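Peer 1: Counted the way numbering that gives the first Met the number 0 counts, the sequence shown spans residues 0 to 123.
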Amino acid sequence: MREEIHAIQARAMILWGEPRSRVSAYLAAHGFTHREARLLLRDAYREKARVLRLRAVRKYLIGLGLVSVPLLWFAFFGEPTGLNPRWSGLLIGSGLLGLWQLVDGTLLILIPSRFHGSVSELDN
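(1) In whole angstroms, what separates the C-alpha of L109 from that of L71?
(2) Roughly how many angstroms separate the alpha carbons of E2 and L39, rounded to a whole number?
(3) Roughly how many angstroms lie between the CA atoms of I91 and V102, to the nearest whole one?
(4) May I have the straight-line CA-CA distance separating K58 from G77, to the nearest angstrom?
(5) Output needed for H115: all residues of its chain with C-beta closer than 8 Å, excluding positions within five of it in sequence on either side, in chain order.
(6) What are the boundary residues of the alpha helix (DSSP H) that includes I91?
(7) Taking the beta carbon of I4 as the centre, do at least 16 other beta carbons fall within 10 Å, making it buried, or is it exposed?
(8) For G64, which of helix, strand or coil comes out of DSSP?
(9) For E46, which residues in the same chain have their Cβ closer than 7 Å to its Cβ, ignoring the five residues on either side in sequence?
(10) Helix, strand or coil, according to DSSP, for P69 in the structure here?
(11) Leaving out the 5 sequence neighbours to the left and right, which residues in its chain are closer than 6 Å to L96 when beta-carbon positions are compared?
(12) May I have the straight-line CA-CA distance separating R37 from A43, to the nearest angstrom?
As structure tokens, this is what we get:
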């Protein structure tokens, strides 16, 4: 029972962005063998990668939607001649923000290990 509590705490530490060495030391201090700690860390990092990929898909889809706004505008209405400068800026801003979200989401899907820190920081 106590080992299970410490295993849950170790998983939470990984999701919060604690370094591998600190989590490994925590597990060793609470009676886990090196092999048990290694397996637990492997599973915890796989879980973190899965959570990161799910959030990255969300970013990717939001980026895709934002990029499509100016593309659809130009496809249906052509050049923005006579368009209010504020609307032009909004279209350009939407496209750039969408492109940033699209690239960030794609990189996070492909390489979740590049993200260091708490998983909750990803939504900010």
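Glycine included, every Cβ here is placed at the ideal spot set by N, Cα and C. Everything numeric in this text was worked out from a predicted model, so none of it was measured.
Peer 2: The short version:
(1) Residue 109 sits at position 110 when you count from the first residue of the sequence shown. Residue 71 sits at position 72 when you count from the first residue of the sequence shown. Distance from the CA atom of L109 to the CA atom of L71, rounded to whole angstroms, is 28 Å.
(2) Position 3 of the sequence shown holds residue 2. Position 40 of the sequence shown holds residue 39. Whole-angstrom Cα-Cα distance: 11 Å.
(3) Counted from its first residue, the sequence shown places residue 91 at position 92. Counted from its first residue, the sequence shown places residue 102 at position 103. Distance between the alpha carbons of I91 and V102: 17 Å.
(4) For the purposes of this step, residue 58 is taken as residue 59 along the sequence shown, with counting starting at 1. For the purposes of this step, residue 77 is taken as residue 78 along the sequence shown, with counting starting at 1. It is roughly 28 Å from the alpha-carbon of K58 to the alpha-carbon of G77.
(5) Within the sequence shown, residue 115 is the residue found at index 116, counting from 1. Counting only Cβ-Cβ distances below 8 Å, and skipping sequence neighbours, we find G16.
(6) Along the sequence shown, one-based indexing puts residue 91 at 92. Per DSSP, I91 belongs to the alpha helix (DSSP H) from P84 to L109.
(7) As a working note, residue 4 is residue 5 in the sequence shown. I4 is exposed by the Cβ-count criterion.
(8) For the purposes of this step, residue 64 is taken as residue 65 along the sequence shown, with counting starting at 1. G64 falls in the helix class under three-state DSSP.
(9) Sequence index remark: in the sequence shown, residue 46 carries index 47 (1-based). The answer, listed in chain order, is R10.
(10) On the sequence shown, residue 69 is found 70 positions in, with the first residue counted as 1. Shown here, P69 sits in a helix according to DSSP, grouped into three states.
(11) Locating residue 96 in the sequence shown gives position 97, counting from the first residue. Cβ-Cβ distances below 6 Å link L96 to L65 in the same chain, with the five nearest sequence neighbours on each side left out; the list follows chain order.
(12) On the sequence shown, residue 37 is found 38 positions in, with the first residue counted as 1. On the sequence shown, residue 43 is found 44 positions in, with the first residue counted as 1. Going from the Cα of R37 to the Cα of A43 covers about 10 Å.
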